[in-house]
Every structure is written in C-alpha cells, then in structure tokens.
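Note sheet for the following structure.
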Ligand code: DQA
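Residue numbers (this note's numbering): 643 to 783.
Here it is in structure tokens:
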C-alpha cells in the first residue's frame with residue numbers, strides 16, 4: 643500500500659518557524675519519522691512539500707497512491723481549489739495538522755478542506771502525521 647504525504651506551504655521552514663507553536667523538529671526530521679513509521683506499518687510512502695496551491699492540486703489529481711495524508715498549511719482555511727481536488731479523486735485523504743487549529747486564532751479554526759477528507763488529526767505535533775498514516779492504512783483495509 644502506497645501513501646502520498648503532502649506538506650503544504652511554509653512547512654519547509656519547520657525547525658526555525660514559530661517554534662513555540664510548531665516545535666523544533668525540521669521537516670527532514672519529521673520526514674524521517676514518517677519513513678520509519680511507514681516501514682513499521684509495511685507501507686510505502688512518497689513525500690512531497692510545496693508552497694504552491696496548484697502543485698498540491700496537481701499532486702492530488704495525479705496520484706497513483708492508495709491514500710493521501712495532507713497538511714495543507716494555511717490553504718486549509720481558504721483553498722476551495724484544494725478542497726475540490728480532494729473531492730474529485732476516489733482515494734481516501736486524511737488531513738493532518740501539527741498544531742490544534744481549534745485552539746488557535748479564529749481564522750484557523752475553520753477548515754474548508756477537511757469536509758472533503760475522510761477525517762482530520764490535529765494537535766499532536768509530528769505525531770499527527772504518524773497517526774495520519776495509521777488512519778490511512780486502516781481506511782484501505
Ligand atoms: C498548520 C496550521 C495552519 O493554520 C498553518 O497555516 C500552518 C500549519 C499546522 O500544521 O498546524 O502552516 O497546518
């Protein structure tokens with residue numbers, strides 16, 4: 643089973659970006675954890691980071707994976723294009739967030755993308771991605 647993991651905008655800045663909110667792990671370190679978890683769960687992962695909304699839409703439309711785990715970053719809160727891309731493919735999509743978006747600023751408390759997903763995991767730091775992988779695996783059984 644193959645899972646596509648998509649990191650959206652500004653997640654390449656993890657490790658130095660708002661460390662009080664997102665922690666000190668870099669994206670490379672989080673990706674290592676994702677790869678270790680995938681190996682333990684007998685999953686194959688493809689990991690992609692992009693700051694571009696259109697590239698996220700393309701990645702979702704073109705994926706040959708069995709499921710997608712996505713952190714759409716700030717696009718979560720306003721990208722109807724990403725929401726529509728998620729809704730347009732038959733593969734299950736799990737939305738993840740490092741922070742608990744419901745405990746943050748009001749503008750972050752609404753996700754336009756989550757209703758098109760199977761579910762959402764938020765607030766567990768890097769572990770949100772690992773829980774997302776496990777959830778995606780469960781969906782494929
Ligand atoms: C985030 C939450 C978003 O509100 C924010 O714009 C991000 C990261 C998270 O993982 O907690 O870039 O998606």
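A virtual CB, placed ideally from N, CA and C, is assigned to each residue, including glycine. For clarity, every value in this text was computed on a predicted model and none was experimentally measured.
Residue i beta carbon near the ligand DQA (any heavy atom closer than 7 Å)
i           : result
residue 739 : yes
residue 743 : yes
residue 780 : no
residue 761 : no
residue 773 : no
residue 755 : no
residue 652 : yes
residue 750 : yes
residue 696 : no
Beta-bridge pairing of residue i - partner residues as DSSP gives them
i           : result
residue 761 : 736
residue 686 : 644
residue 709 : 645
Proximity below 8 Å, CB of residue i to CB of residue j
i           : j           : result
residue 733 : residue 705 : yes
residue 716 : residue 651 : yes
Nearest neighbour of residue i, chosen from the options [CA to CA]
i           : options               : result
residue 759 : 747, 777 and 767      : 777
residue 680 : 646, 725, 763 and 691 : 646
residue 722 : 743, 695 and 742      : 695
residue 729 : 709, 780 and 685      : 709
residue 735 : 780, 658, 657 and 655 : 780
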